[in-house]
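Residue numbers (full-length UniProt numbering): 1 to 270.
Given below as structure tokens:
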């Protein structure tokens, strides 16, 4: 990945050498399964090529499993200064249905630990609503429980059941409770915005909420504002400006990891 990173940062078409890095976001699959040394190597490469300032937002997605909890301090030492936990639900039964490896209890423990390591202002988490069998009242109660323990930022996403996924196959076989219909999902969305506002959260983009300007995710905000971002890694998407042609370009990384690495070795980018 550092090979591709250096390739793009030095490509004269994009003029990235002359631009400030406002945020770095480790997302996609499960970046917290990577070794902290690998994260540090990427950040060192960015710093060497274009520089990182003390106020650069460096976020990482992590799951609340015990294995990943044990590495949080190491990730902070590697340079990560903001953590996004994929809690998804506080209900253990629903987490199992969604195929998650953690329990509601582990989610709460991970959140508490993350706040101790990164400070609560630098920790966010996400939840999923409109889950199979979930009612609007179920969601309201869970949302209020989440807001009681949240820091200054969190994200709430409506469940989308993609074709050919395990959840979709189970649904077709009638193995899941009914998925909320569009009207019920819309009620849940409206309740989310209203209840979050009651707790002092500003709805600043489609799925994210922040208590103040400082808590807004630079990565999220920049993406929805249509700003450039460099996507690095297998399956990564990016959006850059060719400064010579004055043209916006979308980039797509090869999805298969082995093919991606082969391309990077041969051409500098995947």
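Cβ coordinates follow ideal geometry from the N, Cα and C atoms, glycine included. This structure is a prediction, so every number in the text was calculated from the model and none was measured.
Next item on the list: Pick out the complete beta strand (DSSP E) segments inside the segment 28 to 91, 3 residues or longer, and give them in chain order.
Entry: 57 to 62, 82 to 88
Notebook entry, point to check: I think residue 307 touches residue 22, with their Cβ atoms under 8 angstroms apart; what is that distance to the nearest whole Å?
Noted result: This structure leaves residue 307 out entirely; the chain is present only between 1 and 270.
Margin query: By DSSP's criteria, residue 170 is part of a beta bridge. Which residues make up the other side?
Written below: Answer by DSSP bridge pairing: none, since residue 170 is not bridged.
Margin query: For residue 159, tell me which candidate among 141, 181, 151 has the shortest Cα-Cα distance.
Written below: 181
Next item on the list: For the beta strand (DSSP E) holding residue 24, just list the boundary residues, first then last.
Entry: 23 to 26
Notebook entry, point to check: Along the chain, where does the alpha helix (DSSP H) that runs through residue 218 open and close?
Noted result: 218 to 224
Check: Got a sec, what are the start and stop residues for the beta strand (DSSP E) residue 241 sits in?
Finding: 237 to 242
Next item on the list: Please determine if the segment 147 to 156 and the segment 208 to 225 are in contact, where contact requires at least 3 C-beta pairs separated by less than 8 angstroms.
Entry: yes
Item checked: Beta-bridge pairing of residue 158 - partner residues as DSSP gives them -> 129
Next item on the list: Provide the residue span of the beta strand (DSSP E) that contains residue 252, from first to last.
Entry: 247 to 252
Next item on the list: Please name the residue or residues paired with residue 7 in a DSSP beta bridge.
Entry: None, per the DSSP bridge assignment.
Next item on the list: Go ahead and label residue 190 buried or exposed: buried means 16 or more other beta carbons lie within 10 angstroms of its beta carbon, across all protein chains shown.
Entry: exposed
Margin query: Three Cβ pairs or more, each shorter than 8 angstroms: is that satisfied between the segment 39 to 46 and the segment 65 to 72?
Written below: no
Check: Counting Cβ pairs, one atom from each stretch, are 3 or more of them under 8 angstroms apart for the segment 11 to 22 and the segment 43 to 55?
Finding: Of all C-beta pairs linking the segment 11 to 22 to the segment 43 to 55, three or more are shorter than 8 angstroms, placing the two stretches in contact.
Check: Is the beta carbon of residue 26 sitting closer than 7 angstroms to the one on residue 1?
Finding: no
Next item on the list: Go ahead and pull the three-state DSSP assignment for residue 193.
Entry: helix
Check: Is the distance from the Cβ of residue 249 to the Cβ of residue 240 below 7 angstroms?
Finding: yes
Next item on the list: On a CA-only basis, which of 168, 15, 161, 82 is nearest residue 247? Give me that one, please.
Entry: 15
Item checked: Residue burial classification, residue 130 (beta-carbon count within 10 angstroms, cutoff 16) -> It counts as buried.
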